[in-house]
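All remarks here apply to the structure that follows.
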Amino acid sequence: LFSWRDSRGDVRPMVRARAIERVNGILVSHGWGTTFGHSFRIGGASFYLAQKVNPEIVRLAGRWRSLAYEAYIRAFEQVASRHLAGLAGQV
Numbered sequence: 004l005f006s007w008r009d010s011r012g013d014v015r016p017m018v019r020a021r022a023i024e025r026v027n028g029i030l031v032s033h034g035w036g037t038t039f040g041h042s043f044r045i046g047g048a049s050f051y052l053a054q055k056v057n058p059e060i061v062r063l064a065g066r067w068r069s070l071a072y073e074a075y076i077r078a079f080e081q082v083a084s085r086h087l088a089g090l091a092g093q094v
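Residue numbering for the sequence shown follows this note's numbering, starting at 4 and increasing by one per position.
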């Protein structure tokens, strides 16, 4: 999933630094800011929690040493609930 083929056809693993460099190149080309990659961890945690994966599994898989990710999840839940409330008003 997180790999690519080089010019010889060999499968190579994606290296974090190269992935962030590529993402930042795309962002800058569109006039946006850059990222350090932390948002991918937050997004991954949000995705798996939305899929009802056990929070302890999410914490361990994301290498979160504390419960700090829960602050991001709470903020996400607040934004999502406001968005859904707005959609319900449009029906």
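The beta-carbon is built from N, C-alpha and C at its ideal position, and this holds for glycine as well.
### For V18, three-class secondary structure by DSSP
coil
#### Entry: Under the three-state DSSP convention, the category R8 falls into
R8 falls in the strand class under three-state DSSP.
### Message
Taking the straight line between their C-alpha atoms, what separation do you get for F39 and Q93?
### Response
Linking F39 to Q93 through their CA atoms gives a straight-line distance of about 37 Å.
### As assigned by DSSP and simplified to three states, the class of H33
coil
### Task
Would you mind sorting L52 into buried or exposed? The rule is 16 or more other CB atoms within 10 Å of its CB.
buried
### Task
Would you check if the distance between the CB atom of I23 and the CB atom of A48 is smaller than 8 Å?
no
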